[in-house]
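Data first, discussion second: the structure below is written as structure tokens.
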Amino acid sequence: MSPEPSGADEAARKAELAANLARVEERIESACVAAGRKREDVTLIVVTKTYPASDVRLLAGLGVRNVAENRDQEAAPKAAVCADTPLTWHFVGQLQTNKARSVAGYADRVHSVDRARLVTALSGAAVRAEREIGCLIQVAFDAESGSVGERGGVAPDGVTDLAEAVTAAQGLRLDGVMTVAPLTGPLAGQPEAAFERLREISTSLRAAHPAATMVSAGMSADLEEAVRAGATHVRVGSAVLGQRPRLR
């Protein structure tokens, strides 16, 4: 992660984050107007991966209430340091079953549920932690039937069964669906088409699970397309925090 700023550096960083947040807010507002949607129908989740806990605390001070991480080894200590902030923590990365117990200790929602074994692991961990964890089914539009996508996610025809597994699991709550714009497959390079397909899947899912209303889609480069396609939550990182340092 980046080094922790202090003093004048922290003030400058806060100003930078505030300006970036304002620009992202303008983008979301404009996209909502263009789509005929209310601004309050779209929630911004700031993806803070690779950035220090000090940035998370600054974001909380600037009014951000939802942050996301994709690596447990980074997220767990960061969440612990920021436990006194009024933040909802989202886990958005591919999740190994052996990390479920740790993630269940701080994540309010897991957006990357894509297999039955993970449902079982998260359920056990949630029960042990005496917490309820919101789950989103990650849908992969680059996955063949019965397989997992390149960046995680279940093929569209596997959503129904996985949703039933989440609903039946103790300690878990089915909140909706998530996707990442595919890099391969028939919808590669067509984020809006992928997001519209996700909305269709969400509509079908809500027929059986009315409370599963979340549609998590769109990042810094394609949040407008996601809003047009009906996303309720957009996951924005670099547009708020800046270009990420390369992971070693």
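Per my numbering, the sequence shown starts with residue 5, numbered consecutively. Every residue, glycine too, gets a C-beta built ideally from N, C-alpha and C. From a predicted model like this one, the values you see are computed outputs, not experimental measurements.
Per-residue burial, residue i [other beta carbons within 10 Å of its own, 16 or more giving buried]
| i | result |
| --- | --- |
| N74 | buried |
| K82 | buried |
| A225 | exposed |
| R121 | exposed |
| V165 | The question names Val, yet the displayed sequence has Asp at residue 165. With fewer than 16 Cβ atoms within 10 Å of its Cβ, D165 is classed as exposed. |
| R239 | buried |
| E134 | exposed |
Endpoints, the alpha helix (DSSP H) within which residue i is located
| i | result |
| --- | --- |
| E148 | Taken as a continuous stretch (DSSP letters only), E148 belongs to no alpha helix (DSSP H), as it is neither H nor E. |
| S242 | 242-245 |
| V96 | Run containing V96: none; DSSP gives neither H nor E here. |
| L227 | 227-232 |
Spatially closest choice to residue i from the options, by CA coordinates
| i | options | result |
| --- | --- | --- |
| T124 | I32, V170, G162 | V170 |
| E29 | V114, E44, A16 | E44 |
| G65 | A173, L25, A80 | L25 |
| L140 | E200, V219, Q174, G175 | V219 |
| I32 | F145, T236, R135 | T236 |
| A159 | Y55, L202, D179 | L202 |
Residue i in three-state terms, based on DSSP
| i | result |
| --- | --- |
| S116 | strand |
| G162 | helix |
| L21 | helix |
| N263 | Given that the chain is displayed from residue 5 to residue 252, the structure contains no residue 263 and the question cannot be resolved. |
| T101 | helix |
| P190 | coil |
| G138 | strand |
| R239 | strand |
| G40 | coil |
| L122 | helix |
| S224 | coil |
| V50 | strand |
Span separating the alpha-carbon of residue i from that of residue j
| i | j | result |
| --- | --- | --- |
| P195 | R155 | 15 Å |
| K42 | A35 | 10 Å |
| E20 | T47 | 21 Å |
| V143 | T52 | 22 Å |
| S242 | V37 | 23 Å |
| L62 | D112 | 20 Å |
| H115 | W93 | 11 Å |
| L176 | A12 | 43 Å |
| E228 | V68 | 20 Å |
| A192 | P186 | 5 Å |
First through last residue of the beta strand (DSSP E) which encompasses residue i
| i | result |
| --- | --- |
| G180 | 176-182 |
| S208 | Unbroken run through S208 is the alpha helix (DSSP H), 195-212; no beta strand (DSSP E). |
Cβ of residue i within 8 Å of any chain C Cβ
| i | result |
| --- | --- |
| M218 | Given the protein chain composition of this structure (a single chain), no chain C is represented. |
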